Amino acid sequence: MFLEIKDLSVKIENKNILNGLNLNINKGEVHAIMGPNGCGKSTLANVLAGKEDYEILNGKINFKDNDLFDLNIEERAQEGMFLAFQYPVEIPGVNITPFLHSAINSKRKRMNEEEIDNLSFAKLLKSKASDLDINIDMLKRSVNTGFSGGEKKRYEILQMSILNPDLAILDETDSGLDIDALKIVTEGVNRLKTKNNSFLIITHYQKLLDYIKPDHVHVMVNGSIVKSGGSEIAAEIEKDGFQKFQ
Amino acid sequence: MNSETLNTLDTYSKNKYKYGFVTDIDNEKPKKGLNEDTIKFISFKKNEPDWMLEWRLKAFSKWKRMKEPKWANLNFPEIDYQDIYYYSAPKGFEKKPKDLSEVDPKLIETYNKLGIPLEEQKVLAGVAVDVVFDSVSVATTYKGELEKLGIIFCSIGEAIQKHPDLIKKYLGSVIPAGDHSFSALNSAVFTDGSFVYIPEGVKCPMELSTYFRINAENTGQFERTLIIADKGSYVSYLEGCTAPKRDDNQLHAANVELIALEDAEIKYSTVQNWYPGDEDGKGGIYNFVTKRGLCAGKNSKISWTQVETGSAITWKYPSCILKGDNSIGEFYSVAITNNFQQADTGTKMTHIGKNTKSKIISKGISLGKSQNTYRGEVSFLRKADKARNYTQCDSLLVGNKCGAHTVPYIDSKNNTAVIEHEASTSKINEDQLYYCRQRGLSHEEAVSLIVNGFCKQVLQELPMEFAVEAQKLVSISLEGSVG
């Protein structure tokens, strides 16, 4: 199993958020999690990425034959986990080039691969940026600083395509995107998809799933998955809302 | 011999007598403590003319009547001035390490991280080396080139001998000996430092640095630097080195004076990385520095850039006196304190002339149990019509046992003055750290990246090659502080 979440319960500040959640993802699969606001979708994403504010009450997560709880945030990232944030944070004064260059090299180091040099990295960055319609001027700015909502999301996908993760978690990447931006972002995701990597797409609306075809759709309510199936579930939700699952 | 010559000779010999010079003073080992004999000894050792000795003694008599300024947010035990050597010769006299294996391995580790070549490491660590390898020839080549342009770049001691007119005119003209007790102390006992004179209309073609001065290794604890940029000239001066310097002296009280005449510009950059003391706050340099620049002429400009990471105590306020109309003063500062370090640093901008402008960008970063204070004074005198100041001071806290303080003073006697002040204090942002780590950067790398980003506005003011080293230094200063 590539990612196996077993009976996961999590709380934050005395509030239970996840309640006995189970989820299995195989290599090459695209999973979508849908659910109403506050159901714990983003918490799941952050627990997977290793954010330290949560208290794990119960459960196990296995990722690529590792006990995920043995790895800290950066080790998980270096093992190939990527989280495209819902609200990417601004980091003033830090340029994307050295930032991503160090990021990719720390991953390569862990994988015992040779580090990528400045020139090859600059070329890589440029070509991936042009795929996503990101102009060179934007690469000269500080990470996420002064970006519009849509620019930030495209920037997340740019980072994802450079780090080329094994498991990419997209946390409401579609929120705040107009239709053109949504197309660019989803094309970026589809370009990256192979039979060796997996995606976990967290979304509130079905619209995103018109562009990225999931193999499995899960409905999440009150911190656990209440229904799983194919893309027909997404259509169901679009029609009737989350009401009937609660 | 006419009577006048006789008279002069007479006075000369009387003076000699008056100051009690005896030849065997030469053989005496310098003693600890501060008194007239110490000053005479220094002046004699440096073969100084009488007027210089008199100048020193005047400063000393002022010092005796003064008290240390106590308004800074600093805590340190009483300094025992009688327990200090005032001549640089005993520095490392017996303690000089024979080779690098005798030097603190932590220091060597830092040198390696900074990418400093082995031979340079030896010089920095104070290892006795017979020849200062490449830098000597480099220095000589540079010196020749500078001389062709009429630029004077030598030690202050040499300038006292060779350029007495310039020294008499400018030394102490910006920082009077009696300004405060540390300036009086420095004036009485300074032993080394740099002298720069850029002639009218000359743009100095290279960054001048103490590093390239042949006797650079012996910069003492009471450094004195004087830089004069004549009309329409330009000079960029670098002080110090990014590598931590081994030093046995605990008290440092340097004075730096800059004078920019009409249309002249001086850019002065410092990276201060003296020994900060250990993790428990033991040891470390007390750094009491007075730096002041005078924009004497119209359209002149003085720009201070400093990166302060070392010393147990930093007390330092590089200032500009904007006397000439349209003159500009700038101050860019990064001060990082870690462990038990204390820094009280900032600037003073005094607007005297019309249309004078000043800009202050200060970035303070506190870690560990350190205290970091920005103290600034911006004043507009009555005739400073349409003068402007912009101040921005930002403080960043890493951890919850450190402190950041901002103490700005503004005083305006002219109602056409425009003053802008922005200040912020923030804790290092957990979301930023999380974001960086999620991309695969370690906690330490993430902190260093964020702090470097925070300082960027200042670091980019440094000359290119210096900026790269300073960035590395910032990262090193943060080490061991997170977790």
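Residue numbers (the numbering used here), protein chains in the order written: chain P, 1 to 246; chain W, 1001 to 1483. Glycine included, C-beta positions come from ideal geometry on N, C-alpha and C. Predicted model only: the values in this text are computed from it and were never measured.
### Task
Go ahead and pull the three-state DSSP assignment for V250 (chain P).
Outside the shown range of chain P (1 to 246) lies residue 250 (chain P), about which nothing can therefore be said.
### Query
Which full runs of the alpha helix (DSSP H) of 4+ residues lie inside the segment 1405-1463 of chain W, going along the chain?
1430-1438, 1443-1459
### Message
Comparing C-alpha positions only, which one of P:I25, P:Y155, P:L23 sits nearest to F85 (chain P)?
### Response
P:Y155
### Beta-bridge pairing of E1308 (chain W) - partner residues as DSSP gives them
W:Q1272, W:A1335
### Message
Beta carbons nearer than 9 Å to chain W: which residues of the segment 85-96 of chain P have them?
### Response
F85, Y87, P88, V89, E90, I91, P92, G93, V94, N95
#### Entry: Same chain, Cβ closer than 8 Å to S198 (chain P), neighbours up to 5 away in sequence not counted
F2, L3, I25, N26, K27, G28, E29, V30, H31, D166, L167, A168
#### Entry: Short-range partners of chain P found in the segment 1413-1444 of chain W, where Cβ spacing is below 8 Å
N1429, D1431, Q1432, Y1434, Y1435, C1436, R1437, Q1438, R1439, G1440, L1441, S1442, H1443
### Task
Could you tell me whether the Cβ of S142 (chain P) comes closer than 9 Å to any Cβ of chain W?
yes
### Task
Provide the residue span of the beta strand (DSSP E) that contains T1347 (chain W), from first to last.
1342-1351
#### Entry: N-terminal and C-terminal residue of the beta strand (DSSP E) that R1224 (chain W) is part of
1224-1229
### Task
State yes or no: is the C-beta of Q955 (chain W) within less than 9 Å of the C-beta of I91 (chain P)?
What is shown of chain W runs 1001 to 1483, which leaves residue 955 (chain W) out entirely.
### Buried or exposed by the 16-neighbour rule on C-beta atoms within 10 Å, applied to I202 (chain P)
buried
### Query
Thinking C-beta only, is K1359 (chain W) closer than 9 Å to G1329 (chain W)?
yes
### Query
Listing by chain order, which chain W residues have their CB less than 7 Å from the CB of S102 (chain P)?
L1441, E1445
#### Entry: Cβ-Cβ separation, L1166 (chain W) to A1177 (chain W) (assumed contact under 8 Å), whole Å
In fact, because the Cβ distance is near 18 Å, the residues do not count as touching under 8 Å.
#### Entry: Whole-angstrom distance between T1038 (chain W) and R1065 (chain W), CA atom to CA atom
18 Å
### Message
Using DSSP's beta-bridge definition, name the partner residues of S127 (chain P).
### Response
DSSP, once it has assigned bridges, lists no residue as partnering S127 (chain P).
### Query
What are the partner residues of K227 (chain P), as DSSP defines its beta bridges?
P:V219
#### Entry: Short CB-CB distance (under 9 Å) between E1028 (chain W) and chain P
Low local confidence applies: a pLDDT of 46 at E1028 (chain W) is under 50, so the model's placement there is unreliable, with the coordinate-based value given in what follows. No, because no Cβ of chain P sits closer than 9 Å to the Cβ of E1028 (chain W).
### Message
Do G50 (chain P) and I250 (chain P) have their beta-carbon atoms positioned less than 9 Å apart in this structure?
### Response
Only positions 1 to 246 of chain P appear in the structure, and residue 250 (chain P) is not among them; the question remains open.
### Query
Can you give, in chain order, each stretch of the alpha helix (DSSP H) that sits fully within the segment 140-167 of chain P and has at least 4 residues?
149-163
### Query
Would you call I212 (chain P) buried or exposed, if buried means 16 or more other Cβ atoms sit within 10 Å of its Cβ?
buried
### Query
Looking only at its own chain, which residues have a Cβ that is under 6 Å from the Cβ of L8 (chain P), when we skip the five neighbours before and after it?
L18, L21, G59
### Query
Exposed or buried, what is Y1409 (chain W) when buried is set at 16 or more other beta-carbons lying within 10 Å of its beta-carbon?
exposed
### Message
Can you pull out the residues from the segment 164-184 of chain P whose beta carbon lies closer than 7 Å to at least one beta carbon of chain W?
### Response
none
### Message
If you reduce the DSSP assignment to three classes, tell me which class F85 (chain P) lands in.
### Response
coil
### Query
Given 8 Å as the limit, is there contact between the segment 1188-1200 of chain W and the segment 1150-1159 of chain W, that is, 3 or more CB pairs closer than that?
yes
### Message
Whole angstroms are fine: how far does the CA of E1048 (chain W) sit from the CA of E1308 (chain W)?
### Response
33 Å
### Task
Give me the Cα-Cα distance between R1382 (chain W) and I1313 (chain W), rounded to the nearest whole angstrom.
36 Å
### Query
Q159 (chain P) versus chain W: which residues are under 7 Å apart at the beta carbon?
R1439
### Query
Going along chain W in order, which residues have a C-beta closer than 8 Å to the C-beta of K51 (chain P)?
Y1434
### Query
With 9 Å set as the bound, which would you pick, yes or no: does the beta-carbon of Q1457 (chain W) sit closer than that to a beta-carbon of chain P?
yes
### Query
Taking just the CA atoms, how far does L1367 (chain W) sit from Y205 (chain P)?
44 Å
### Contact with chain W by E74 (chain P), beta-carbon distance below 9 Å
yes
### Query
Of the choices W:G1172, W:G1310, W:L1185, whose alpha-carbon is the least far from that of F1060 (chain W)?
W:L1185
#### Entry: Through-space distance from Y1390 (chain W) to S1303 (chain W), alpha-carbon basis
14 Å
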